[in-house]
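Peer 1: When you read off a place in the sequence shown, starting at 1, and then add 363, the result is the number in the numbering used here.
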Amino acid sequence: MVLIAVVSFGAALLTFFSGFGLGTILLPAFAFFFPVEIAIAMTAIVHLANNLFKIILVKNYIDKNVAIRFAIPASIFAFIGAYALSSITTTKVLYTLSMFNKNFDITLVKLIIGILMLIFAVIELSNKLQQITFSKKYLPLGGSLSGFFGGLSGHQGALRSMFLIKSGLSKEAFIATGIAAAVLIDIARLSIYGVSFFTNNENLLAVNNATQLIIIACFSAFLGSFFGKKFLKKVSIERVNTTVGIMILITALLMIVGII
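(1) Starting from T574 and walking both ways along the beta strand (DSSP E), at which residues does that stretch end?
(2) Can you tell me where the alpha helix (DSSP H) with V546 in it begins and where it stops?
(3) Where does the unbroken beta strand (DSSP E) through V456 begin, and where does it stop?
(4) Would you grab the beta carbon distance between V627 and S530 for me? Rounded to a whole angstrom, and I think it's under 8 Å.
(5) For A374, which residues in the same chain have their Cβ closer than 6 Å to its Cβ, ignoring the five residues on either side in sequence?
(6) Helix or strand or just coil, what does DSSP make of F497?
(7) For the alpha helix (DSSP H) that contains F416, what are its first and last residues?
(8) Please list, in chain order, all residues of the same chain as S319 whose beta carbon is under 6 Å from its beta carbon, the five residues on each side excluded.
(9) Taking only the alpha-carbon atoms, compute the straight-line gap between F511 and F560 and give it to the nearest angstrom.
(10) Between A394 and V620, what straight-line distance do the alpha-carbon atoms span, to the nearest angstrom?
(11) Using CA atoms only, rank isn't needed, just tell me which of K473, G513, L586 is closest to L553.
(12) Over the uninterrupted alpha helix (DSSP H) stretch that includes I388, give me the two end residues.
(13) Sorted by chain position, which residues of the same chain lie with C-beta nearer than 8 Å to Y501's C-beta, five sequence neighbours on each side aside?
(14) Could you pull the start and end residues of the beta strand (DSSP E) that N428 belongs to?
(15) Among residues of its own chain, excluding the 5 on either side of D468, which ones have a beta-carbon nearer than 6 Å to its beta-carbon?
(16) Return the bridge partner residues of I469 from the DSSP annotation.
(17) Is any beta-carbon of chain B found at less than 8 Å from that of S450?
(18) Per DSSP, what kind of secondary structure is I622 in: helix, strand or coil?
(19) Could you say if the region 415 to 433 and the region 562 to 580 meet the contact criterion of at least three C-beta pairs nearer than 8 Å?
(20) Would you decide whether N572 is buried or exposed? Buried here means 16 or more other CB atoms lie within 10 Å of its CB.
(21) Round the Cβ separation of L488 and G608 to the nearest angstrom and send it over; I've been treating them as touching at under 8 Å.
(22) Who are the Cβ neighbours of D549 in its own chain at under 6 Å, not counting the five residues just before and after it?
(23) Distance, Cα to Cα, K592 vs S461?
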């Protein structure tokens, strides 16, 4: 519970500025106690709750026209991504890696999620890749891609940033509009996760106090977001993005080799 609380608070504080990374940082904390697909679903609940809380803080800055063009296709493709995740979780172990007198199972879902995390970490750490942006006319495409990968692995924010950054939004509107889109993506993917992961693993969730952990994570994330709002105008987004990128990179490598 302490681990989940600390990670949730720190992740929400850091990622308030970048608009993404909360789910990616929180995911490995849940993955210590649950299978990866369930950890993704639990992280999605915290992600949604935190975004709903952040909406209250920044709702006046949302650009409705941009949000509609981006968020509607995003929510549709989030269903598809979530369904794809539910389809690959039934696969068997691909390879077992032996290290430090322990065996680590590498499964298809861990491999795919780890590779996606690795890709998005590289994007964050590369100045050239960060400069890749798309004009406003591609907002529906950006929403579709962000929604799909949001449903598949929870990685929706990096793509969202690439497509929203050229929409002529202020820093406050950029953050607020991204949060609004993330809320719709989270609602869409959780409708699939709830059936595929939660209802089929009720005993595992009960034994590991999943409900309590989710509540603790949500309130800790609320606190992180609250303090993040306080520092909104004082923090360099580039520095925060670099920190988040490094954390994602480390997590991705651990997941690919089966340690997480």
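We treat Cβ as the ideally placed atom computed from N, Cα and C, and that holds for glycine.
Peer 2: Here's the rundown:
(1) Unbroken run through T574 is the alpha helix (DSSP H), 573 to 593; no beta strand (DSSP E).
(2) Unbroken alpha helix (DSSP H) run through V546: 534 to 556.
(3) 456 to 462
(4) The displayed coordinates of the chain run from 364 to 623. Any statement about residue 627 would go beyond what the structure contains.
(5) Cβ contact annotation for A374 (same chain, cutoff 6 Å, sequence separation greater than five): L385, I388, L389, in chain order.
(6) coil
(7) For F416, the enclosing alpha helix (DSSP H) stretches over residues 399 to 421.
(8) Nothing about residue 319 can be read from this structure; the chain reaches only from 364 to 623.
(9) 18 Å
(10) Taking the straight line from one Cα to the other gives about 14 Å.
(11) G513
(12) 385 to 394
(13) F526
(14) Here N428 belongs to no beta strand (DSSP E); instead the alpha helix (DSSP H) covers 427 to 451.
(15) V456, T459, G621, listed in sequence order.
(16) Y458
(17) This model lacks chain B altogether; it includes just one protein chain.
(18) Three-state DSSP puts I622 in coil, outside helix and strand.
(19) no
(20) exposed
(21) 4 Å
(22) A407, H410, L411
(23) 44 Å
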